[in-house]
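Chains A and B, in that order, are what the protein sequence lines are.
So the first sequence is residues 6 to 322, counted in our numbering.
So the second sequence is residues 5 to 262, counted in our numbering.
Cβ coordinates follow ideal geometry from the N, Cα and C atoms, glycine included.
Keep in mind the model is a prediction, meaning the values are calculated, not measured.
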Amino acid sequence: MSLNGLIMIATDTERELEFQAKIDRGEVIEPKDWMPERYRKQLIRMMSQHAHSEVVGMLPEGNWITRAPSLARKAILLAKVQDEGGHGLYIYSAAETLGIDRGEMIDQLHTGKAKYSSIFNYPTLNWADIGAIGWLVDGAAIVNQTALAKCSYGPYSRAMIRICKEENFHHKQGYQMLAYMMRGTKEQQEMAQDSMNRFWWPALMMFGPSDTDSPNSAELMRWKVKLYSNDDLRQRFIDRTVPQAEAIGLVIPDPKLKFNETTRHYEHGEIDWQEFKNVVSGNGPCNRERLRARVKADADGKWVRDAAEAYAKKHMN
Amino acid sequence: MNTNLEKNNALFEYLLRLGDTSLILGHRIAEWCGHAPILEEDIALTNISLDHIGQARLLLDYAGKIEGKGRNEDTLAYHRDARQFRNLLMAEQPNGDFGDTMVRQFLVSVYNFPLYSALSKSADAELAAIAAKSVKEVAYHVRHSSDWLIRLGDGTTESHEKVQQSINDLLIYVDDFFNGDEVDALLVGQNIAPDLNAIRALWNETVQLTMVKAGLVIPQVNSAMRTGSRKGNHTEYLGYILAEMQFLPRAYPDAEWL
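Given below as structure tokens:
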């Protein structure tokens with residue numbers, strides 16, 4: 006190795022130490038700051054996965070817009086889905102500050118290289134699922150995202166602050182919708198409970214594998230990309246959600262769930278990690294449909310994007 | 005004859021025509037959700053759909069009040085059959101490809117803009133207020149859809165051919181916009197609704213101008229123009245839209261959903 010090469014290595018190590026010191030001091034990393042390649046890659050992975058989740062998430066919810074049972078509910082759902090699309094756009098833009106463009110991220114989604122939240126691989130089978138997604142899925146997302154709002158990467162942290170405001174609104178609307186159904190007819194109550202039964206465990210899985218089995222955790226916590234462990238966040242979600250369920254008469258589908266008076270936390274039954282692994286690896290109930298829908302939309306829309314580009318080129322001056 | 009009753013009946017019909025067009029077009033656009041050519045369009049289309057649903061709510065709610073039989077926006081939307089719907093035939097046409105959807109939106113929005121502008125000065129204060137609110141949204145719909153028409157018309161050879169075909173296909177539903185009847189005549193007479201001839205002239209002007217910019221042509225329509233929406237004579241598509249839209253309130257008639 007040449008002398009110059011050695012000096013480069015030394016400089017990179019110094020930079021890395023300075024980078025870590027900066028993070029330890031609680032400073033925020035901005036796009037033009039030096040950052041380790043691995044930090045950049047991890048953030049691209051997380052942020053693109055997050056953006057993809059917002060966009061794929063439009064599918065299970067969009068599934069019920071045309072069947073919303075009142076015009077008020079239809080308007081609420083349309084506004085929510087529009088918000089999710091906006092979040093996707095916002096996070097893609099934030100991720101682009103790391104030197105990757107949206108097209109490349111979308112290609113990674115379509116080829117299966119990038120993931121999206123597994124929760125959207127579950128089907129929306131009844132109208133109450135729209136409430137459950139707002140309350141449980143957005144509720145879990147808020148717990149995650151409130152933590153991410155304090156993360157070390159400036160553009161991501163700022164995006165989370167803004168997005169959390171809208172997600173909080175969705176969370177309340179979802180809960181209100183289920184509360185309303187639980188005061189309704191027997192059929193409506195059954196719908197709501199059925200939805201709870203199907204979405205509870207997948208919502209808990211949204212926090213990712215247990216700390217003992219989370220490959221990226223240690224590094225991400227050192228870089229303050231992640232501030233709390235998966236299990237801590239999951240616990241926060243459970244503690245917050247169980248009393249809400251009880252207040253409207255929904256039963257949590259976990260016979261082992263109980264409040265521990267000493268720890269002041271709920272204890273829960275074992276999560277089916279095999280199911281989690283299956284869904285993550287592409288074998289959930291809707292993985293194929295979701296991805297195919299996205300790939301098809303992209304392919305069907307190519308002539309439109311090409312036309313817009315051709316038009317822009319012709320009229321550049 | 006009770007002229008006030010006549011006026012109310014006409015106004016009720018008229019509000020259904022406006023409200024149903026918004027509702028059914030909003031429904032169609034919502035079908036795009038998550039399937040648009042680019043994320044920005046997913047957002048724009050859900051937004052336009054939301055505008056239409058919002059307009060439908062105001063118009064149908066007011067229609068229910070004018071009718072005075074206790075029906076509200078939801079009873080009107082969810083508990084009428086296809087023959088009682090008064091939306092323009094254009095609104096219920098399938099989405100087709102993105103060009104078809106944009107042409108449909110453009111043709112309706114260019115009709116809605118002068119219509120709602122005129123209605124914002126209606127002698128009926130409530131209708132005027134609804135129209136004044138809606139026309140701001142319609143202005144955006146015109147801009148958005150005409151921008152796309154121009155981009156597609158003046159984009160690639162493929163997009164030009166496709167969007168020209170969309171125009172050729174959808175033009176047969178345009179006469180239906182302007183095919184006024186005794187309801188229109190009565191409300192025009194009372195300064196509640198505008199004269200459709202004036203709206204048609206403005207519609208023609210904007211469409212011609214946009215076509216020139218887009219390098220597209222208005223073809224001679226050889227097949228018969230389809231009309232009939234004012235009397236509830238629809239295309240076959242509406243029944244399927246309603247089957248989907250009305251399913252829950254019909255299946256659970258005792259349930260309330262807010």
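Measure the beta-carbon distance from residue i to residue j and round it to whole angstroms, keeping in mind my assumption that it falls under 8 Å.
i	j	result
Lys-79/A	Gln-178/A	Contact doesn't hold; Cβ gap of about 13 Å is too wide.
Leu-93/B	Ser-233/B	5 Å
Ala-40/B	Leu-49/B	6 Å
Leu-174/B	Val-107/B	5 Å
Glu-96/B	His-238/B	6 Å
Ala-67/B	Leu-20/B	5 Å
Pro-41/A	Phe-24/A	6 Å
Ile-176/B	Met-229/B	5 Å
Ile-243/A	Leu-183/A	Actually they are not in contact, since the Cβ atoms of Ile-243/A and Leu-183/A sit about 17 Å apart, beyond 8 Å.
Leu-242/B	Ala-86/B	5 Å
Does chain A have any CB closer than 8 Å to the CB of residue i?
i	result
Ala-86/B	no
Met-94/B	no
Thr-214/B	no
Pro-223/B	no
Asp-263/B	Not covered by the structure: residue 263/B. The range shown for chain B is 5 to 262.
Arg-61/B	yes
Gly-23/B	no
Thr-79/B	no
Asn-51/B	yes
Met-229/B	no
Tyr-256/B	yes
Glu-35/B	yes
Ala-259/B	yes
Phe-102/B	yes
Leu-156/B	yes
Glu-248/B	yes
Thr-210/B	no
Using 8 Å as the threshold, is the C-beta distance between residue i and residue j below it?
i	j	result
Asn-149/A	Leu-238/A	yes
Ala-133/A	Gly-93/A	no
Glu-275/A	Asn-265/A	no
His-31/B	Ile-245/B	yes
Arg-295/A	Asn-126/A	yes
Asn-91/B	Asp-24/B	yes
Ala-312/A	Ser-26/B	no
Ile-196/B	Asp-128/B	yes
Glu-248/B	Thr-71/A	yes
Ala-137/A	Ser-200/A	yes
Trp-69/A	Ile-135/A	yes
Phe-230/A	Cys-156/A	The sequence given here has Val at residue 230/A, not Phe. Yes, they are a contact pair.
Met-211/A	Ser-122/A	yes
Ile-28/B	Ile-52/B	no
Pro-118/B	Trp-207/B	yes
Leu-262/A	Val-284/A	no
Asn-288/A	Gln-47/A	no
Gly-157/B	Gly-100/B	no
Thr-290/A	Pro-128/A	A small fix is needed here, since residue 290/A is Pro in this sequence, not Thr. It is a contact, given that the beta carbons lie within the stated cut-off.
Phe-181/B	Ser-149/B	no
Ala-100/A	Ile-49/A	yes
If you follow the beta strand (DSSP E) that residue i is part of, which residue opens it and which one closes it?
i	result
His-55/A	No beta strand (DSSP E) contains His-55/A, which is instead part of the alpha helix (DSSP H) from 42-61.
Glu-272/A	270-272
Asn-265/A	263-265
Over what stretch of residues does the alpha helix (DSSP H) that includes residue i continue unbroken?
i	result
Asn-99/B	Careful: Asn-99/B lies outside any alpha helix (DSSP H) and carries neither H nor E.
Asn-201/B	200-218
Phe-16/B	7-34
Tyr-256/B	Note, Tyr-256/B: premise wrong, no alpha helix (DSSP H); not H, not E.
Arg-1/A	The shown model of chain A, from 6 to 322, leaves out residue 1/A, and the question about it has no answer.
Glu-35/A	That residue, Glu-35/A, is in no alpha helix (DSSP H); it is neither H nor E in DSSP.
Glu-45/B	43-71
Tyr-97/A	76-101
Tyr-241/B	241-249
Compare the C-beta of residue i against all C-beta atoms of chain C and say whether one is closer than 8 Å.
i	result
Asn-91/B	Annotation note: the requested chain C is absent from the structure, which comprises protein chains A and B.
Confirm the yes/no value for this check: CB of residue i, any heavy atom of the ligand PLP, distance under 7 Å.
i	result
Thr-102/A	The model on display carries no ligand, and the ligand PLP is accordingly not part of it.
At the 8 Å Cβ level, is residue i part of the contact set with chain B, yes or no?
i	result
Val-86/A	yes
Lys-261/A	no
Ala-146/A	no
Lys-319/A	yes
Ala-315/A	yes
- Using Cβ-Cβ distances below 9 Å, what residues of the stretch 142-154 of chain B are close to chain A? Trp-152 and Ile-154
- Message: So if I threshold CB-CB distances at 9 Å, which residues from the stretch 295-310 of chain A count as touching chain B?
- Response: Ala-298, Arg-299, Lys-301, Ala-302, Asp-303, Asp-305, Gly-306, Lys-307, Trp-308, Val-309 and Arg-310
- Task: Determine which residues of the stretch 119-138 of chain A have a Cβ less than 7 Å from any Cβ of chain B, and write them out in chain order.
- Result: Trp-132
- Message: Against chain B, which members of the stretch 58-84 of chain A pass a CB distance test of less than 7 Å?
- Response: Val-60, Met-63, Leu-64, Gly-67, Ile-70, Thr-71, Arg-72, Pro-74, Ser-75, Leu-76, Ala-77, Arg-78, Lys-79, Ala-80, Leu-83 and Ala-84
- Query: Listed from N- to C-terminal order along the chain, which residues in the stretch 162-192 of chain B have their beta-carbon within a distance smaller than 9 Å of any beta-carbon of chain A?
  - Reply: Glu-162, Ser-163, His-164, Lys-166 and Val-167
- Item | Contact list for the stretch 179-195 of chain A against chain B, Cβ threshold 7 Å | Those residues of the stretch 179-195 of chain A that come within reach of chain B (Cβ to Cβ, closer than 7 Å) are Tyr-185, Gly-189, Thr-190, Glu-192 and Gln-193.
- Item | Members of the stretch 87-102 of chain A that neighbour chain B once the beta carbon cut-off is set at 7 Å | Gln-87, Gly-90, Gly-91, Gly-93 and Leu-94
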